[in-house]
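>
Numbering (this note's numbering), first residue to last: 55 to 135.
Next comes the structure, spelled out in structure tokens:
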């Protein structure tokens, strides 16, 4: 399973590739869009993993004061999807 850092590096690599495509004289619009779509998908996956890890952490350590934190996380989950 990829670490969060590996996932961030994947997104950075995909966006770097997209940036190079933008400056290329022989730009392939379809390839650029494919690269951006991959970056968006990777970023979405990263966000899901991050929110999931935080949620797991909260559930393991739940007490009265963590209720507000859990509510905030659930709201973010809804936004991510």
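From the three backbone atoms N, C-alpha and C, an ideal C-beta is built for every residue, glycine too.
With a threshold of 8 Å, are at least 3 pairs of Cβ atoms found where one atom belongs to the stretch 87-102 and the other to the stretch 55-70?
yes
> Taking residue 77 as part of the alpha helix (DSSP H), name the residues at either end of that continuous run.
58-77
> Mind checking residue 89: buried by the 16 CB within 10 Å criterion, or exposed?
It counts as buried.
> Taking the alpha-carbon positions, what's the residue 78 to residue 84 distance?
14 Å
> Report the rounded CA-to-CA distance for residue 126 versus residue 86, giving the unit in angstroms.
35 Å
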